[in-house]
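Notes for the one structure printed next.
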Amino acid sequence: MLNEILVGFKSSNFFNLFIENDNKNKLINFSLKNVNIPFGIEEYKNKYIINFEINDNNSCDEFEKVIRKIEKNIGNLIEDEYISIKSIFYKKENFPLICRAYIKKNKNKFITVYTNNEKEISLFDLEKNKTYNLDLEISGIWKYKNMSGLYVNVNHIRK
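The working numbering numbers the first residue of the sequence shown as -3 and each following residue consecutively.
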């Protein structure tokens, strides 16, 4: 999959990532099933995030494998081999692997949608320690000084 990834330059500190599919550039998307969101929606550096646990199902295994491969090759993708990589994964002893994803927002409106039984619900009604299905996209690579990492957005949350 890494061979198919294209890097688009957006600014000096952000690089779009695409995958070529049917001669069209598309964002890299994943659908994760039955993932636990232990903390609900959180605010982090003036942005809203969701931390979720990576479990043992196939969708999470594939997601983790692809993310780790991209993170390992960020230096090659942005042509900066001296960059330090900050992973989106966090692991504490005796706890499951946690992944951070950002809530999509445009000015004052959330783009990320949360639905339950086909009804749209406020993201702030997301319950802690519940299982959800997530639609994610890898939008790109951020870069700040000598640090870099992936920027993963949540497109849709389903109960």
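Every residue, glycine too, gets a C-beta built ideally from N, C-alpha and C. All figures in this text were calculated on a predicted structure; none of them were measured in a lab.
Quick check on the DSSP output: the alpha helix (DSSP H) that includes residue i runs from which residue to which?
i	result
Asn54	54 to 68
Using the DSSP secondary-structure output, state which residues sit across from residue i in a beta bridge.
i	result
Ile80	First, the residue type needs correcting, since residue 80 is Ser and not Ile in the sequence shown. Answer is Met143, bridged to Ser80.
Ile107	In DSSP, Ile107 forms no bridge with anything.
Asn112	Lys115
Asn12	Gly4, Gly136
Tyr102	What sits at residue 102 in the sequence shown is Asn, not Tyr. DSSP, once it has assigned bridges, lists Lys105 as partnering Asn102.
The beta strand (DSSP E) with residue i in it runs from where to where?
i	result
Lys115	115 to 117
Asn32	24 to 33
Ser7	1 to 7
Glu49	43 to 49
Glu89	Where Glu89 is concerned, there is no enclosing beta strand (DSSP E), given that its DSSP letter is neither H nor E.
Ile99	94 to 99
Glu38	37 to 40
Helix, strand or coil for residue i per DSSP?
i	result
Asp18	coil
Leu132	strand
Phe120	helix
Asn125	coil
Given a threshold of 16 other Cβ atoms within 10 Å of its Cβ, counted over all protein chains shown, does residue i qualify as buried or as exposed?
i	result
Gly4	exposed
Glu133	buried
Ser118	exposed
Thr111	exposed
Ser27	exposed
Ser8	exposed
Ser80	exposed
Phe48	buried
Phe59	buried
Ile153	buried
Glu67	buried
Asn90	exposed
Leu130	buried
Between residue i and residue j, how many whole angstroms is the CB-CB distance? I'm expecting something under 8 angstroms.
i	j	result
Asn30	Ser135	The pair is not a contact, with the Cβ atoms about 24 angstroms apart (cut-off 8 angstroms).
Ala97	Ile33	Not quite, the Cβ-Cβ distance comes to about 10 angstroms (not below 8 angstroms), so this is no contact.
Ile94	Phe85	7 angstroms
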